[in-house]
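Enquirer: Numbers -20 to -1, 1 to 514, taken from mature numbering (1 follows the signal peptide of the UniProt record, and there is no 0), label the letters of the sequence shown in order. Glycine included, each C-beta is placed from N, C-alpha and C at the ideal position. The following block contains the structure, expressed as structure tokens.
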Amino acid sequence: MVNGLSVVALCSALMGVSRGAEMGTAAEYASGAVHARIMSMKMIDLYHFLSHAQLGSNSARGSSSWGWTSEDGREFVAIGQYDGTAFAEISSEGKLVYLGRLPQYDSIGSNWREIRVVRDYVVIGSEAIKHGVQFFDMKKLLDLDPENPTNFTQADLTGHWDKLPVGRTHNIVVNEELNYAIAVGSVGGNETIRVRDNLPCRGGLIFLNITDPANPWSPGCAAAAGYVHDAQCLVYRGPDKRYEGRDICYGYNEDTITIYDVTNKVGNNSNIISVTTFPGAEYIHQGVVNDEQNQEFLFLDDEFDERDSKVGPMTKGLPTTHIFDIRDLENIKYTGHFVGRNRAIDHNQYIVDGYDYQSNYGAGLNVWDIRSVTEDPTGGSICEAGFFDIYPEDDEMEGGGTVAFLGSWSSYANFKSGFIFVHTIERGSFVVKMTSKECPKPAVCGSDRCSTAISGRFQESQKFCTTFTARQRDELNLVPDYARAACGGYGTPTKEEVARVSSACACIPTTPVPELPRTTSRPPVPTKLPDRMR
């Protein structure tokens, strides 16, 4: 019979390991060596890292990013920073090769710089007033010398659109199939800096015809629902045959999911199909359909629910992805959700071939196998295939993380090579790759002499096992010598020894993440301009 107290004593013996003690020098940070040592990761390998400074920025502040593949298969990224856009190539070895940068169009810079790619052109928007929308030909990167990075100027732009109400846009959306772009949130995405004025299109969908990227122009906008924070616009393919082949935008409008038929973009033409919300909604931020070729379900992240919501798992500060059945576009339904292991705020997510790649701020990159959603819309069968935690500073906090706006902003996982680009606010950019997409099987409680080697301290062991289970790393040097000896290992640590630690931890219940006090008093988010401003 297994003695629960002695089994978990092994785990308590590991509690002395501190990631803080592993922190390195400035040079080690710059090289990326320290990140490989201290960052939790599961089923994902780190290939390379470049800091914001190494990517040519003077600001050390990152935002959006996107990828582009050249006709001959080379893989590039456009990287949003406070003071412009950096460009880099991902080599066949997974190295990030800095090539140059395009400065911001405005003179000040912005924390919000959103990037998308349509065919061979990168489309760049910013919250900065007078920035407009930049269009840059990515083919200009093909012959650059990485030994002498190129500092482009505005003269190198293919085109620039300067007709936004005050020159700003919170986000850029593109429909690659139909080759157009949309500026959304033109009244300002952050409540504290939002322009309160009688602005055309009221922060809604502003359509951009980019048939000739050198001369972009707008045929009209959809303003009736007011502010749009983000959207996904696709040619509709799905079970609702009333809309087959129509141009549909799924809008994320702060307190609602608003679905538009934007087939007619001329004038101020807002053809709204449906408007939906859900209990606990605080700031409906971004989402994505499960399959662009068969749009049946929608995955939604709410940026403030982990901090402010008073219902559901969000009250514990756990990043919660909400699932909607969209098979009837006129009557979409909430069906379920799935929840991250550690406290964090969910930010951006993109689905590629049945896997949901989420940038969850301090929790980093989380990859979920969502293929089961068509059979189980509750989300109960969705499993985490891997994670890469880029913010270890909060790992030892209660709940395994912090509900804060730091860490990972965006990722791009659509490269054929399998490399995933992860961009962060504070640090810089990472290149990673999954070692497997099969969801790891949970550890099973087992017994061996590992269970009796150290006398028991149940509460300490329970606390350790909670952290170990949530943030188990593939690196084996976290297991100290005495714990390896207890589990039968005396030399170089092995995966079998770590598996035995997991087996010991599986014998006791982990400590549940407690409720997170609701301390904010944020006023309701405005989704429509007041009457006097219309």
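Are the beta-carbon atoms belonging to Lys417 and Ala365 less than 8 Å from one another?
Expert: In the sequence shown, counting from the first residue as 1, residue 417 sits at position 437. In the sequence shown, counting from the first residue as 1, residue 365 sits at position 385. Yes, Cβ-Cβ distance for Lys417 and Ala365 is below 8 Å.
Enquirer: Rounded to whole angstroms, what's the CA-CA distance from Asn346 to Pro489? Just pull it up for me.
Expert: Here residue 346 is taken as the residue at index 366 of the sequence shown, counted from 1. Here residue 489 is taken as the residue at index 509 of the sequence shown, counted from 1. Those two C-alpha atoms are separated by around 24 Å.
Enquirer: Three-state secondary structure (DSSP) at Gly147?
Expert: Indexing the sequence shown from 1 puts residue 147 at position 167. Looking at Gly147 - three-state DSSP - the assignment turns out to be coil, as it is neither helix nor strand.
Enquirer: Whose C-beta lies closer than 7 Å to the C-beta of Ser45 among residues of the same chain, with five residues either side of it excluded?
Expert: In the sequence shown, the residue the question calls residue 45 occupies position 65. Within the same chain, Ser45 has close Cβ partners Val57, Ala58, Ile59, Gly60, Ile95, Ser390, Tyr392, Phe401 and His403.
Enquirer: Given this structure, state the Cα-to-Cα distance separating Cys419 from Gly359, to the nearest angstrom.
Expert: By one-based count along the sequence shown, residue 419 stands at place 439. By one-based count along the sequence shown, residue 359 stands at place 379. So the two alpha carbons sit approximately 15 Å from each other.
Enquirer: Rounded to whole angstroms, what is the Cα-Cα separation between Glu276 and Asn195?
Expert: Walking along the sequence shown from the start, residue 276 turns up at place 296. Walking along the sequence shown from the start, residue 195 turns up at place 215. Each residue's alpha carbon lies about 36 Å from the other.
Enquirer: Is it right to say Ser87 is buried, meaning 16 or more other beta carbons lie within 10 angstroms of its own, or is it exposed?
Expert: For the purposes of this step, residue 87 is taken as residue 107 along the sequence shown, with counting starting at 1. That one is exposed.
Enquirer: Would you mind working out which of Glu477, His327, Thr446 and Glu355 sits nearest Pro492, comparing C-alpha positions?
Expert: The sequence position of residue 492 within the sequence shown is 512, counting from 1. Distances from the CA of Pro492 to each of Glu477, His327, Thr446 and Glu355 were compared; the closest alpha carbon is that of Thr446.
Enquirer: What are the start and end residues of the alpha helix (DSSP H) that includes Val478?
Expert: By one-based count along the sequence shown, residue 478 stands at place 498. Run containing Val478: Lys475 to Cys485, per the alpha helix (DSSP H) assignment.
Enquirer: Measuring straight from C-alpha to C-alpha, what distance separates Tyr330 and Gly267?
Expert: Along the sequence shown, read from residue 1 onward, the residue named residue 330 stands at position 350. Along the sequence shown, read from residue 1 onward, the residue named residue 267 stands at position 287. Answer to the nearest angstrom: the Cα atoms are 8 Å apart.
Enquirer: Is it true that the CB of Thr301 sits closer than 8 Å to the CB of Phe318?
Expert: Counting from 1 along the sequence shown, the entry for residue 318 is found at position 338. Counting from 1 along the sequence shown, the entry for residue 301 is found at position 321. Yes, they are a contact pair.
Enquirer: Can you name the start and end residues of the beta strand (DSSP E) that Asp369 belongs to?
Expert: As a first step, residue 369 must be located in the sequence shown, where it is residue number 389. Counting along the chain, Asp369 falls outside any beta strand (DSSP E), and DSSP gives it neither H nor E.
Enquirer: From which residue to which residue does the alpha helix (DSSP H) around Arg287 run?
Expert: Here the question's residue 287 lines up with position 307 in the sequence shown. It spans Asp285 to Asp288 - the alpha helix (DSSP H) in which Arg287 sits, taken as one unbroken run.
Enquirer: My understanding is that Ala66 touches Ser43, with C-beta atoms under 8 Å, so please give their C-beta distance in whole angstroms.
Expert: Residue mapping note: residue 66 aligns to position 86 of the sequence shown, counting from 1. Residue mapping note: residue 43 aligns to position 63 of the sequence shown, counting from 1. 11 Å between Cβ atoms; not a contact.
Enquirer: Out of Ser289, Ala161, Pro199 and Arg148, state which residue places its alpha-carbon closest to the alpha-carbon of Leu179.
Expert: Indexing the sequence shown from 1 puts residue 179 at position 199. For the residues Ser289, Ala161, Pro199 and Arg148, the minimum Cα distance to Leu179 belongs to Arg148.
Enquirer: Among the residues of its own chain, which have a CB less than 7 Å from the CB of Asp220, if the five just before and after it don't count?
Expert: Here the question's residue 220 lines up with position 240 in the sequence shown. Closer than 7 Å at the Cβ level, and outside the excluded window around Asp220, lie Arg307, Asp308 and Leu309.
Enquirer: Quick check on Asp282: buried or exposed, where buried means 16 or more other Cβ atoms within 10 Å of its Cβ?
Expert: As a working note, residue 282 is residue 302 in the sequence shown. Burial call: buried.
Enquirer: Please determine, among Ser254, Asn233 and Val246, the residue with the shortest C-alpha to C-alpha distance to Glu262.
Expert: Here the question's residue 262 lines up with position 282 in the sequence shown. Nearest C-alpha to Glu262: Asn233.
Enquirer: Rounded to the nearest angstrom, how far is the Cβ of Gln84 from that of Gly64, given a contact under 8 Å?
Expert: Taking the sequence shown and counting its residues from 1, the one referred to as residue 84 is at position 104. Taking the sequence shown and counting its residues from 1, the one referred to as residue 64 is at position 84. Sure, about 5 Å apart at Cβ, within 8 Å.
Enquirer: Leaving aside the five residues before and after Gly80 along the sequence, list all residues of the same chain whose C-beta is less than 8 Å from its C-beta, in chain order.
Expert: Indexing the sequence shown from 1 puts residue 80 at position 100. For Gly80, where only same-chain residues beyond five positions count, the Cβ hits under 8 Å are Gly36, Ala66, Phe67, Leu121, Leu124, Pro129, Thr130, Asn131 and Phe132.
Enquirer: Hey, how far is the Cα of Leu496 from the Cα of Val77?
Expert: Here residue 496 refers to the residue found at position 516 of the sequence shown. Here residue 77 refers to the residue found at position 97 of the sequence shown. Taking the straight line from one Cα to the other gives about 42 Å.
Enquirer: Nearest CA to the CA of Pro145: which residue from Asn155, Ser166, Gly139 and Val154?
Expert: As a working note, residue 145 is residue 165 in the sequence shown. When each option's Cα is compared against that of Pro145, the closest is Ser166.
Enquirer: Between the alpha carbons of Ala423 and Glu477, how many angstroms are there, rounded?
Expert: Working through the sequence shown from its first residue, we reach residue 423 at position 443. Working through the sequence shown from its first residue, we reach residue 477 at position 497. Their Cα atoms are separated by approximately 13 Å.
Enquirer: Could you give the DSSP three-state label for Asp123: helix, strand or coil?
Expert: In the sequence shown, counting from the first residue as 1, residue 123 sits at position 143. Coil, per DSSP.
Enquirer: Starting from the C-beta of Thr49, find all residues in its chain whose C-beta is less than 6 Å away, skip the five residues before and the five after it, and write them out in chain order.
Expert: Position 69 of the sequence shown holds residue 49. Cβ neighbours of Thr49 beyond the five flanking positions: Glu55.
Enquirer: Which of the three DSSP states is assigned to Pro199 in this structure?
Expert: Along the sequence shown, one-based indexing puts residue 199 at 219. Note: Pro199 maps to coil in three-state DSSP.
Enquirer: Is DSSP giving Asp454 helix, strand or coil here?
Expert: As a first step, residue 454 is located in the sequence shown; it is residue number 474 there, counting from the start. Any answer about Asp454 is weak, because its pLDDT of 47 lies below 50 and its placement is not dependable; what the coordinates show is given next. Residue state, collapsed to three classes: coil.
Enquirer: By Cβ distance below 8 Å, which residues in the same chain neighbour Gly379 in space, the five residues on each side in sequence not counted?
Expert: In the sequence shown, residue 379 corresponds to position 399, counting from 1. So the list reads Lys296, Gly297, Leu298, Asn322, Arg323, Val493, Pro494 and Leu496, once near-sequence residues are dropped.
Enquirer: To the nearest angstrom, how far is it from the Cα of Asp369 to the Cα of Ile362?
Expert: Here the question's residue 369 lines up with position 389 in the sequence shown. Here the question's residue 362 lines up with position 382 in the sequence shown. Approximately 20 Å between the Cα atoms of the pair.
Enquirer: Where DSSP assigns a beta bridge to Trp48, which residues make up the other side?
Expert: On the sequence shown, position 68 is the one that residue 48 refers to. Residue pairing by DSSP places Trp48 opposite Phe56 in a beta bridge.
Enquirer: Where does Arg498 land, buried or exposed, given buried means 16+ other C-beta within 10 angstroms?
Expert: As a working mapping, residue 498 is identified with position 518 in the sequence shown. Burial call: exposed.
Enquirer: Taking the alpha-carbon positions, what's the Ile252 to Thr238 distance?
Expert: As a working mapping, residue 252 is identified with position 272 in the sequence shown. As a working mapping, residue 238 is identified with position 258 in the sequence shown. Answer to the nearest angstrom: the Cα atoms are 7 Å apart.
Enquirer: How big is the Cα-Cα spacing for Lys22 and Phe29?
Expert: To locate residue 22, count along the sequence shown from 1; it is residue 42. To locate residue 29, count along the sequence shown from 1; it is residue 49. Taking the straight line from one Cα to the other gives about 18 Å.
Enquirer: Just to confirm the assignment, what range does the beta strand (DSSP E) spanning Thr300 have?
Expert: Residue 300 sits at position 320 when you count from the first residue of the sequence shown. Run containing Thr300: Thr300 to Asp305, per the beta strand (DSSP E) assignment.
Enquirer: For Leu26 and Gly47, what's the separation of their Cα atoms in angstroms?
Expert: Here the question's residue 26 lines up with position 46 in the sequence shown. Here the question's residue 47 lines up with position 67 in the sequence shown. Computed Cα separation, rounded: 18 Å.
Enquirer: Can you find a CB in chain B that lies within less than 8 Å of the CB of Ser31?
Expert: Note that chain B does not occur in the displayed structure, where there is just one protein chain.
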